[in-house]
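Just so we're aligned, residue 67 is where the sequence shown starts under this note's numbering, counting upward by one.
Using N, Cα and C, we set each Cβ at its ideal position, and we do this for glycine too.
Since this is a predicted model, take the numbers as computed values, not measurements.
See below for the structure under consideration.
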Amino acid sequence: MKKILFLLFIIIALGYWANANRNELAVWFNTDSFYRPIYTGNINVLQSGSTIHAELKPSYDVRHGFFITFPCESVMPEFFSGLDGSIRYTFRAEGVELMSKAVSFPSNPISGMNDDHCDIALFTFDLPFEGHESITLDVTIESPITKLAAYQKEMKCEVSPAYWPK
67 MKKILFLLFI IIALGYWANA NRNELAVWFN TDSFYRPIYT GNINVLQSGS TIHAELKPSY
127 DVRHGFFITF PCESVMPEFF SGLDGSIRYT FRAEGVELMS KAVSFPSNPI SGMNDDHCDI
187 ALFTFDLPFE GHESITLDVT IESPITKLAA YQKEMKCEVS PAYWPK
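Listed below in structure tokens is the structure:
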């Protein structure tokens with residue numbers, strides 16, 4: 067009887083630990099699925115007023131990012147510093163505006179290179195957003211990001227987890 071209770075305690079403790087660390091487990095064991103974008107679209111960063119409209123329903127409760135992605139080869143990390151331009155992003159749930167903010171880019175934005183493409187995080191946010199499971203995100207280019215002009219033809223935007231385990 068003691069062995070059964072001990073085994074039951076171990077199973078419950080393991081289940082509690084797995085639930086408390088599910089994001090880390092997803093990253094370790096299911097990386098492709100975890101980092102899969104929940105939205106992908108085209109965006110013209112050279113045209114003021116260019117807007118994307120994204121319906122977001124997260125797979126994981128983590129911080130997400132709005133990324134600009136484009137093909138690149140051997141770009142130096144310094145390239146990403148000093149981006150010009152600005153955007154406005156707005157979150158809505160059931161037609162009600164939850165938040166709207168205009169941002170200029172930080173001097174050294176979160177950026178990276180994977181295989182043959184570059185990613186730049188323009189902003190990050192938590193999902194679910196303020197308790198809403200499904201939200202709408204509108205992103206508008208307020209002033210052009212001219213430094214990225216050479217990459218405009220193949221530029222995409224995406225929303226995906228911006229979560230890196232400790």
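Run through the DSSP bridge pairs and tell me what residue i is partnered with.
i: Leu188; result: Bridge partners of Leu188: none, in fact.
i: Leu74; result: Paired residue(s): none; Leu74 is not in a bridge.
i: Lys219; result: DSSP lists no partner for Lys219.
i: Leu203; result: Ala120 and Phe157
i: Glu196; result: Answer is none; Glu196 lacks a bridge partner.
i: Glu224; result: Thr106 and Phe133
Do you know offhand how far residue i's Cα is from residue j's?
i: Pro103; j: Glu199; result: 16 Å
i: Ile211; j: Ile134; result: 11 Å
i: Asp127; j: Ile201; result: 13 Å
i: Glu163; j: Phe157; result: 6 Å
i: His130; j: Arg154; result: 17 Å
i: Thr117; j: Ile70; result: 60 Å
i: Pro194; j: Gln218; result: 31 Å
i: Gly115; j: Ala159; result: 22 Å
i: Asp150; j: Ile186; result: 13 Å
i: Ala168; j: Phe72; result: 56 Å
i: Ala215; j: Asp181; result: 21 Å
i: Ala119; j: Tyr105; result: For the record, residue 119 in the displayed sequence is His; it is not Ala. The alpha-carbon atoms of His119 and Tyr105 are separated by roughly 10 Å.
i: Glu220; j: Asn108; result: 9 Å
i: Pro227; j: Ser170; result: 21 Å
i: Glu196; j: Met165; result: 10 Å
i: Lys213; j: Ser152; result: 12 Å
i: Ile78; j: Lys68; result: 15 Å
i: Leu188; j: Val205; result: 10 Å
i: Thr190; j: Leu112; result: 22 Å
i: Asn110; j: Pro175; result: 19 Å
i: Asp192; j: Tyr101; result: 15 Å
i: Glu208; j: Val225; result: 19 Å
i: Gly161; j: Ile76; result: 47 Å
What is the C-beta distance between residue i and residue j, in whole angstroms, given that I count them as a contact (C-beta under 8 Å)?
i: His183; j: Cys138; result: 6 Å
i: Ser177; j: Phe146; result: 4 Å
i: Leu203; j: Leu74; result: Going by Cβ atoms, the distance from Leu203 to Leu74 rounds to 45 Å, so no, they are not a contact pair.
i: Ser173; j: Gly148; result: 6 Å
Next on the checklist: In chain order, what are the residue ranges of uninterrupted beta strand (DSSP E) at least 3 long that sit wholly in the stretch 103-188?
Outcome noted: 105-108, 117-122, 129-137, 152-159, 162-170 and 177-180
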